[in-house]
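For what it's worth, the working numbering labels the leading residue of the sequence shown as 1161, then goes sequentially.
Just so it is clear, CB atoms sit at the ideal spot from N, CA and C, and this is done for glycine as well.
No experiment lies behind these values; they were computed from the predicted model shown.
Only one structure is covered here, and it is reproduced in the block below.
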Amino acid sequence: MSALADRPVNPVVGVAVAHESAALHVTGTALYTDDLLGRAPGVLHAWPVQAPHAHARITALRTAPALAVPGVVRVLTAADVPGVNDAGVKNDEPLFPGEVMYHGHAVCWVLGETLEAARLGAEAVEVDYEPLPAVLTLAEAIAAESFQGAARTVARGDAAAALARAPHRFSGELEIGGQEHFYLETHASLAHVDESGQVFVQSSTQHPSETQEIVAHVLGLHSHEVTVQCLRMGGGFGGKEMQPHGLAAVAALGAVLTGRPVRLRLNRTQDITMTGKRHPFHASWEVGFDDAGRLLALRATLTSDGGWSLDLSEPVLARALCHVDNAYHVPHIEVHGRIARTHKTSQTAFRGFGGPQGMLVLEDILGRCAPLLGVDPTELRRRNLYAPGQSTPYGQVVRHAERLHAIWDEVLRRSDFERRRRQVAEFNAAHPHLKRGLALTPVKFGISFNFTAFNQAGALVHVYRDGSVLINHGGTEMGQGLHTKMRQVAATALGVPLQHVRLAPTRTDKVPNTSATAASSGADLNGGAVKNACDQIRARLAEVASRKLGIHPADVRFADGKVTGLGFHDAVIDFADLVRAAYAERVQLWAAGYYRTEGLHWDSTRMQGEPFKYFSYGAAVSEVEVDGFTGAYRFVRTDIVHDVGDSLSPLIDLGQIEGGFVQGTGWLTLEELRWDLSDGPNRGRLATQAASTYKLPSFSEMPEEFHVHLFERATESGVVYGSKAVGEPPLMLAFSIREALRQAAAAFGPAGRSVELASPATPEAVYWAVEAARRAPVPATDGLAGPGATRDRAAAGASANAATGGGAPSAAATGGALGGAAADRGSS
Ligand code: MTE
Ligand code: MOS
1161 MSALADRPVN PVVGVAVAHE SAALHVTGTA LYTDDLLGRA PGVLHAWPVQ
1211 APHAHARITA LRTAPALAVP GVVRVLTAAD VPGVNDAGVK NDEPLFPGEV
1261 MYHGHAVCWV LGETLEAARL GAEAVEVDYE PLPAVLTLAE AIAAESFQGA
1311 ARTVARGDAA AALARAPHRF SGELEIGGQE HFYLETHASL AHVDESGQVF
1361 VQSSTQHPSE TQEIVAHVLG LHSHEVTVQC LRMGGGFGGK EMQPHGLAAV
1411 AALGAVLTGR PVRLRLNRTQ DITMTGKRHP FHASWEVGFD DAGRLLALRA
1461 TLTSDGGWSL DLSEPVLARA LCHVDNAYHV PHIEVHGRIA RTHKTSQTAF
1511 RGFGGPQGML VLEDILGRCA PLLGVDPTEL RRRNLYAPGQ STPYGQVVRH
1561 AERLHAIWDE VLRRSDFERR RRQVAEFNAA HPHLKRGLAL TPVKFGISFN
1611 FTAFNQAGAL VHVYRDGSVL INHGGTEMGQ GLHTKMRQVA ATALGVPLQH
1661 VRLAPTRTDK VPNTSATAAS SGADLNGGAV KNACDQIRAR LAEVASRKLG
1711 IHPADVRFAD GKVTGLGFHD AVIDFADLVR AAYAERVQLW AAGYYRTEGL
1761 HWDSTRMQGE PFKYFSYGAA VSEVEVDGFT GAYRFVRTDI VHDVGDSLSP
1811 LIDLGQIEGG FVQGTGWLTL EELRWDLSDG PNRGRLATQA ASTYKLPSFS
1861 EMPEEFHVHL FERATESGVV YGSKAVGEPP LMLAFSIREA LRQAAAAFGP
1911 AGRSVELASP ATPEAVYWAV EAARRAPVPA TDGLAGPGAT RDRAAAGASA
1961 NAATGGGAPS AAATGGALGG AAADRGSS
């Protein structure tokens, strides 16, 4: 058996094939969970009763009026739960709550013969509420000391001492907005109880095993009495990692109590008002640089907005803390993290899982400080990139750091950066009301679940007597192309054509105890397990073939459905014939595969260890154009060089990079969640409840010129067929768009001035950044980067922080903290 990363000749991995469901997607014939509705005779429909308060005690709940509505069959309440009334694993998420914790919280669920009957029934349910004060923003939560879960710190060296010594010191704050997943398929479950009493739930879930566990504990059953299946999802993006469980449990509970199938599908408004989103973050920071612009120290406090319950907030925070460094070496560092509890949806996983928020903090710092240091931002970034041999603040060596530099140089070359930088300068000199910006930002992203135990996977591979192959693995398909890759892995490992391999839907009774398909690790983990199963079968087949060919089993070769011997090709056995012969000899033709990622360890309390198998690298150059009258902008061109190792499936990887980049651009520019922060009756209501008010990026937000290049000769040893994960890292390439916007805004004002940009950098936010730049006085010319000047700025920043209680994230306060102080008060 060969090493995991080795490829045979003519592998099926690495071939550019279309997504295995592409034809079904575009013809509308791919089935999603809710499409199975027609196959469930007698199905009941579920509709939630959503609370109209952000925080309230439920003092009375009268379901009788609902039961009087024609077609209403049952109302599910806490009293119906035979097991544990909790939708999560932390025991802080009552499925049927006694206390409303956010606006739109489902209090109970109505089952009806039709969806309309269920809806009318839900309208008829009478609930008495005693409203309670609600904490909504991070500023309110920090002021009220409303926190949840464990606070964590990542530290190395002595940040305080290094800051005190640093010749250039700055401080500031940053507020980072959340993001709605807006998967095309909203949450859906379809549950029934089969003839033997087995509860069977079809669910749009990224984590079938956890859905199974939670359905079981709600129903008071064991896991072997519950089966969860996921056909495919119309997008998950992390939003279906934890959030489907309670919904599946409601459907399952209804099915058990009524004896009829129950279908629960959230409509868009319900999905957007009830389910968790990307965590908003607040960061306050102090940074120190040496005279060459190298980072000396960073001290920061990150506060995430976890919403009403913990959900995945702790691991999301851990990943944020492990990614504050992004691609840069920070010798002395001390970053504290904590989770606020607010009366909003329970924020959850979203592509990047906290990594983007952590990384944005340092990218924002570099973008803001470069002009104050008198260093070009691209040069400032390059100077601080990790060098080979250096390690992260949590103690893991940055293996292949040289790839970062190679990717950096390559994207400079491919984007024709130097020439275009001059062009942008000329363009800006010639256009008073239009300015362009050109920025390069890198990405380093750790691959593996921080929580070591999740880094395992299973697979089940059947070879039938006719030589056809059916595979099953623990990962779920959400559009990312995992199933396509797994078919390619199996075809490669067994040496058969791709068409011979079929894939069956993900089910907990085929492969048990699976991890969420998340952390971009789906292909690494399940690919390892699929290959392991195939290798077992192939080794057994090789024994049979070796006897037929009269050679040693190690010399048997499998490729393209033909079995031959090393070095001679006159004797060729058809794969199907070999399989039939093996069956006749009573050789086992199927296998269970297993994979565990080697070499990982993580101390989640000390925040030290080697949590990641490897790092994914990439870099992007983006050019944007900003209109000075409105702040509107267009994305002129983006060039990306990204490291996916040796790609398992180049077309899939290309799509992941493009899609991730555009989704990241949406988060950083257009997508803005607005909650009613007033003291009126709708306090806490999400105002952006639909595509009409929540602006998603679409084709028109694709860069007008978009080049994606896969980094070459990038074999990753120790990963299936030398590949690397791709799902999340490209999202953070969109930092280049934000930094280009910052530079374009800066071009409206005098040089040497720090530009602050809100996140998301909506056209409105960009307009205010342009306005601030335009109104700024020309900074004093002497000693901009001199020690005296920066000391003053640091002091001014610190006092501005103190004035706002060290944490109040108002834009005005942060505006004065850094660049403003420098510009308005002058230097020494
Ligand atoms: N791509 C599509 N089309 N749809 C998705 O929902 N989810 C992303 C990413 N790419 C997603 C996607 C997220 S959040 C993750 S963690 C990975 O895919 C998960 O799949 P993988 O581990 O197989 O890469
Ligand atoms: Mo992805 S946020 O890890 O599901």
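* Span of the beta strand (DSSP E), counted from its first residue to its last, around VAL1879 -> Run containing VAL1879: none; DSSP gives neither H nor E here.
* Reference GLY1710, options TYR1777, LEU1334 and ALA1731, closest by Cα -> It is ALA1731 whose Cα lies nearest to the Cα of GLY1710.
* Asked: By Cβ distance below 6 Å, which residues in the same chain neighbour GLN1768 in space, the five residues on each side in sequence not counted?
  -> TYR1554 and GLY1555
* Own chain, CB closer than 7 Å to ARG1428, minus 5 neighbours either side, in chain order -> Counting only Cβ-Cβ distances below 7 Å, and skipping sequence neighbours, we find THR1346 and ALA1850.
* Thinking just about the alpha-carbon of each residue, which of VAL1603, PHE1908, ARG1935 and HIS1496 is nearest to the one in ARG1766? -> HIS1496
* Measure the C-alpha to C-alpha separation of PRO1208 and GLY1231 and round it to an integer number of angstroms. => 16 Å
* To do: Give the single residue among GLU1916, ALA1530, PHE1866 and ILE1499 whose Cα lies nearest to the Cα of ARG1312.
  => ILE1499
* **Candidates PHE1611, SER1782 and VAL1584, of which the one nearest ARG1797 by Cα** => SER1782
* Is TYR1343 near the ligand MTE, judged by its Cβ being under 7 Å from some heavy atom? -> yes
* Asked: Is it the case that the CB of GLN1816 approaches a heavy atom of the ligand MTE more closely than 7 Å?
  -> yes
* Asked: When we look at the beta-carbon of HIS1179 and count the other beta-carbons within 10 Å, is it buried (16 or more) or exposed?
  -> buried
* Asked: Is it the case that the CB of ALA1509 approaches a heavy atom of the ligand COA more closely than 7 Å?
  -> This structure simply doesn't include the ligand COA; it includes the ligand MTE and the ligand MOS instead.
* Cβ of ARG1511 within 8 Å of Cβ of GLN1823? -> yes
* If VAL1868 sits next to LEU1814, beta carbons under 8 Å apart, how far is it from one beta carbon to the other, in whole angstroms? -> Under the criterion of beta carbons closer than 8 Å, VAL1868 and LEU1814 qualify as touching, at roughly 6 Å.
* **For ALA1322, the nearest candidate out of HIS1265, GLU1494, ALA1412 and PHE1513 (CA to CA)** => Ranking the options by Cα distance to ALA1322, first place goes to GLU1494.
* Tell me the DSSP bridge mates of ARG1459? -> Note: ARG1459 is bridge-paired with GLU1446 and GLU1494 in the DSSP secondary-structure output.
* Can you tell me where the beta strand (DSSP E) with SER1782 in it begins and where it stops? -> 1774-1787
* To do: Assess, as a yes-or-no matter, whether the region 1344-1363 is touched by the region 1630-1637 under the definition of 3 or more beta carbon pairs within less than 8 Å.
  => no
* To do: Below 8 Å on the Cβ atoms is my guess for LEU1413 versus LEU1379; work out the distance and round it to an integer in Å.
  => The distance from the Cβ of LEU1413 to that of LEU1379 is about 6 Å, consistent with a contact at the 8 Å cut-off.
* Among ASP1485, ARG1543, ALA1904 and ARG1574, which one has its Cα closest to the Cα of TYR1793? -> ALA1904
* To do: Please report how far the alpha carbon of LEU1458 lies from the alpha carbon of ARG1316, in whole angstroms.
  => 10 Å
* To do: Let me know the secondary structure DSSP gives ASN1692 once reduced to three states.
  => helix
* Segment limits, alpha helix (DSSP H) that includes SER1363 -> Taken as a continuous stretch (DSSP letters only), SER1363 belongs to no alpha helix (DSSP H), being part of the beta strand (DSSP E) at 1359-1363.
* **Three CB pairs or more closer than 8 Å across the region 1436-1453 and the region 1717-1727** => no
* Asked: In chain order, what residues of the same chain have a beta carbon less than 7 Å from the beta carbon of GLU1373, not counting five sequence neighbours either side?
  -> Shown here for GLU1373: same chain residues with a beta carbon closer than 7 Å to its own, the five before and five after excluded, namely SER1383 in chain order.
* Which residues in the same chain have their Cβ closer than 7 Å to the Cβ of ASP1536, if we skip the five residues on either side of it in sequence? -> Hits under 7 Å: ALA1530.
* Asked: If you run the structure through DSSP and keep just helix, strand and coil, what is VAL1930?
  -> helix
* Asked: Is it buried or exposed for THR1502, if we count other Cβ within 10 angstroms and need 16 for buried?
  -> That one is buried.
* Entirely within the region 1572-1639 and at least 3 residues each: give me those beta strand (DSSP E) ranges in chain order. => 1594-1607, 1616-1623 and 1629-1633
* To do: Report the residue ranges of all alpha helix (DSSP H) runs contained in full by the region 1709-1771; include only those spanning at least 4 residues, in chain order.
  => 1735-1744
* State yes or no: is the C-beta of SER1681 nearer than 7 Å to some heavy atom of the ligand MTE? => yes
* To do: Return yes when the C-beta of GLN1403 is under 7 Å from any heavy atom of the ligand MTE, and no when it is not.
  => no
* **Beta-carbon spacing of HIS1489, ALA1452 below 8 Å** => In this structure, HIS1489 sits away from ALA1452, with a CB-CB distance that is not shorter than 8 Å.
* Residue environment, HIS1265, which counts as buried when at least 16 other CB atoms sit within 10 Å -> buried
* Residue from TRP1928, SER1809, LYS1691 and VAL1186 with nearest C-alpha to ALA1176 -> SER1809
* With hydrogens ignored, establish whether the beta-carbon of PHE1611 is closer than 7 Å to any heavy atom of the ligand MTE. => no
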